[in-house]
Amino acid sequence: MTTNLCADCGKGKSRFEAFMYSSVAIPPPREDGETISIYDCIADFTMQELDDQTQDWFCPECNDYRDVLIQTSFWVLPNILIMQLERNDSEDPNAWNDAFVDIPLDDLDLEKYSNTQMRDKPLYRLYAVLVTPCNLGY
Numbered sequence: 003m004t005t006n007l008c009a010d011c012g013k014g015k016s017r018f019e020a021f022m023y024s025s026v027a028i029p030p031p032r033e034d035g036e037t038i039s040i041y042d043c044i045a046d047f048t049m050q051e052l053d054d055q056t057q058d059w060f061c062p063e064c065n066d067y068r069d070v071l072i073q074t075s076f077w078v079l080p081n082i083l084i085m086q087l088e089r090n091d092s093e094d095p096n097a098w099n100d101a102f103v104d105i106p107l108d109d110l111d112l113e114k115y116s117n118t119q120m121r122d123k124p125l126y127r128l129y130a131v132l133v134t135p136c137n138l139g140y
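In this note's numbering, the protein residues as written are 3 to 140.
Here it is in structure tokens:
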């Protein structure tokens with residue numbers, strides 16, 4: 003689910019999008035050398051941010067064009083979740099983030115990233131990992 007919020011009044015609207023997989027970026031390596039976890043990647047993915055790419059978003063509450071805050075979240079999580087970790091830098095396509103990402107083998111808990119109360123707690127087990135050794139230039 004993607005939510006657009008007016009940066010002035012905080013009102014907005016949500017857009018529901020079905021998904022089969024989610025592609026999340028790996029944050030830059032930490033200065034303190036601490037390991038990056040999959041939770042760090044998901045937290046960055048779901049963080050509210052000012053969209054400086056969108057010009058002239060019309061706020062229905064203010065009845066005027068305003069800056070927009072965008073936040074992505076999970077409305078309903080699927081039984082099987084495919085997650086791609088983006089290692090390339092969006093600002094520099096030749097840069098490659100080779101940071102280690104800690105992913106639990108069992109009980110990956112995504113409950114705090116979901117907007118709905120689910121009957122069963124959304125716990126996932128790591129099933130497979132595909133590692134590409136370098137940026138292949140696609």
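Here a beta-carbon is modelled for each residue, glycine too, at the ideal position from N, C-alpha and C.
Please read all numbers here as calculations on a predicted model, not as lab measurements.
Straight-line measurement puts the Cα of MET49 at about 13 Å from the Cα of ASN117. Relative to GLU33, the option among ARG127, ALA101, LEU125 and ASP109 whose CA is nearest is ALA101. When DSSP reads this structure, ASP104 sits in a beta bridge with SER39. By the criterion of a C-beta distance shorter than 6 Å, LEU125 is surrounded in its chain by ASP109 and ASP111, once the five residues flanking it on both sides are discounted.
Annotation for ASN90: ALA97, TRP98, ASN99 and ASN137 place their beta carbon closer than 8 Å to its own, counting only its chain and skipping 5 residues before and after. Between the beta-carbon of ILE82 and that of GLU51 there is about 28 Å, and that puts the pair past the 8 Å contact cut.
Around the beta carbon of GLY12, fewer than 16 other beta carbons sit within 10 angstroms, so the residue counts as exposed.
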